Amino acid sequence: MRHDQKDDFRSLAAIYCGGLVAAMPIGITIAFSIPIEQAFDLGPVASGFVVSSTSLAGAIFGYVAGSWFGNDKIHRNFQRGILLFAILSAASAFISSAWMFLAARALASAGFILIVTLAPVQMTRLSPRASRIGLTLWGAYLPLGIAAGTALSSLLSDTWPAAWRLAFLVHAVLAVCATVALSRYALEDEERGVSSDDKIEGITLPPAHILYGLGFAAFAAIFMALTASLPRILTESGGLGAAPMRLVSSGLLLLGAGGSLLALPLTNGYLLPAISLVGAFLGTALATVPMFIGLGNVAILGAAAALLVSSLIPPLVFSLMPRMAPSSQTARLSGMLTQSGNIGSLLGAPLMASWMISQGMQLGWLPIMLLALFGLCCFLGSLRSAQASGIKRRRLKPDIF
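Each residue of the sequence shown is one higher than the last, beginning at 0 in numbering that gives the first Met the number 0.
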C-alpha cells in the first residue's frame, strides 16, 4: 500500500470513528431503557416521546450551529461535535435530575448533527478515489455504532445497579480518543496539502432530493423501530432472560452491521444498487412478519433477517448519492440525508412503542411494512425524477482498497 493510500485509509478511519462514537449512545439508551426510566420515574411511552422531542430540538440546534460555524474548517466542526459528546456523556453519568438528563441528551443530538452531517462530504473530498467504498462504509456507521453501544452495555450490565452511568462514562473516554484521532488526521491532511476550509453552499433542493430524503427517513424509522422492539421480542416471544437478551441483541445488531458491509459488491454502477435497494425494502417488510408473530427461534431468526436485510439500505443510499446530484449539490444532499435519518430515527422508536401498546405485538409488522412501502415509493420516485431532470450519472474512479 503506497503512502497516499495509507493517508486515505487513515482519513476515512478517523471520520468513521467519529460516526461510531456518535451512534453509540443510542445503543446504550436502548439497552438500559428500563433502568433509566426507573431512575427518573418515567413511563416507557412518555419517556420515548420526551426523549425524542428533546433530541429533535437538539438536532435542530446542531443544524443551526453547524450553519453558524460554516466559515470554520470542516474538521473543527467534527471536533466540536465529538467534544460535546464527551462532555455530555460524562455529565450523564453523574446527573440525578430527569430534566437535566433530557437536556444533556438534547445537546448530545446537537453534537451528533455536527459530526454526521458533514462526514460524507469530507470523505468524498479527502479521498475522491475511494469515494464509493467510503460512502458505503459510512452507511454502516449507525447499525455498527448502535451495536457497539449495546455490546458495551451488555458487558457492564452486571457490574452494579446503575451500570448505565458507567456506560456513559466509558463512552466519554471513547469520544475523547476519537477527538484525538480526528485532530491527528486533520493535521496530516494539512501536511498533505488538502484544504479543509470548504464551505457548504446554500441551494434549493430539487424534488428528487426531497423524495430521496423522505425515503431515508422511512428507513431510519424502520431500523429504530426494529431495534427498540428487540428487547420485547427476545424476552416475550424468544423466552430469553435479561442478561441473555442483551447478549443476543448485541449479536443481532452486529449481524445487521455486517449486512451493511455485504452491500459493498452491490454498489457498482447505477442499475444494480437501485434494484438492490428495492429488494432490501421488500425483504425487510417480509422478514418482519415472522419476527412479530413467531415464537421462540422463529421470532429470533425473523429479527435477524429483518436487521440483516434492512442494514443493506443505508450503504446503497449513500453509494447512489454521487449519481443523484452534481458535485455542487453533494454536500447539501448528504446533509439533508443525515437530517432525514435523524428525524426518522427519533420518531421510529416511540411510534412503535405506542403501536405495540395499543394494537399488540402480533400486529407490530404492519407499521414497518407500511413504512417500507412508503420508503420504496419515495426512492423509486426520486430515481425517476432524477432521470427525468437529466442529472448526469457520474462514473466514479476505481477504488484504491
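Idealized CB from N, CA, C, for every residue including glycine.
As the structure is a prediction and not an experimental result, all values here were calculated from the model.
In the DSSP assignment, find the alpha helix (DSSP H) that holds residue i and state where it starts and stops.
i	result
residue 275	270 to 292
residue 95	Here residue 95 belongs to no alpha helix (DSSP H), and DSSP marks it neither H nor E.
residue 296	296 to 309
residue 212	206 to 231
residue 142	140 to 155
Give every residue of the same chain whose Cβ lies closer than 7 Å to the Cβ of residue i, excluding the five residues on either side of it in the sequence, and list them in chain order.
i	result
residue 19	140, 143, 144 and 147
residue 95	none
residue 272	265, 266, 315, 318 and 319
residue 78	178, 181 and 182
residue 260	139
residue 251	229, 302, 303 and 306
residue 0	With a pLDDT of 42 at residue 0, under the threshold of 50, the modelled position of this residue cannot be trusted; read the value that follows with caution. So the list is empty, once near-sequence residues are dropped.
Between residue i and residue j, is the Cβ-Cβ spacing less than 8 Å?
i	j	result
residue 81	residue 26	no
residue 290	residue 356	no
residue 216	residue 352	no
residue 318	residue 213	no
residue 284	residue 367	yes
residue 225	residue 306	yes
residue 287	residue 364	yes
residue 302	residue 253	no
residue 174	residue 84	yes
residue 100	residue 108	no
residue 149	residue 249	yes
residue 372	residue 277	no
Short of 8 Å in beta carbon distance, which residues of its chain neighbour residue i, apart from the five on each side in sequence? Order them along the chain.
i	result
residue 210	377, 378, 380, 381 and 384
residue 186	At residue 186 the pLDDT is 48, less than 50, meaning the model places this residue with poor confidence and gives no usable figure here.
Sort the options by Cα distance to residue i and report the nearest one.
i	options	result
residue 89	258, 295, 169 and 259	169
residue 312	287, 349 and 258	258
residue 265	308, 246 and 297	308
residue 292	226, 319 and 359	359
residue 104	299, 151, 11 and 24	24
residue 218	343, 252 and 235	343
residue 97	335, 118, 40 and 206	40
residue 298	247, 271 and 260	247
residue 151	11, 28 and 350	28
residue 280	369, 174 and 93	369
residue 165	155, 174 and 173	155
residue 401	78, 114 and 310	Residue 401 lies beyond the stretch modelled for the chain, which goes from 0 to 400, so this question has no answer here.
residue 423	137, 87, 271 and 262	Here the chain comprises residues numbered 0 to 400, so residue 423 is not present and cannot be evaluated.
residue 402	349, 236 and 153	Because the chain is modelled from 0 through 400, residue 402 falls outside the range shown and cannot be assessed.
residue 86	172, 374 and 206	172
For residue i, which residues in the same chain have their Cβ closer than 6 Å to its Cβ, ignoring the five residues on either side in sequence?
i	result
residue 346	220
residue 208	332
residue 111	21
residue 275	265 and 315
residue 167	88, 91 and 92
residue 237	298 and 299
residue 401	For the chain, the structure presents residues 0 to 400; residue 401 sits outside this window and is missing.
residue 480	Residue coverage of the chain in this structure runs from 0 to 400, which leaves residue 480 outside it and unanswerable.
residue 282	308
residue 449	Any question about residue 449 goes unanswered here, given that the chain covers just 0 to 400.
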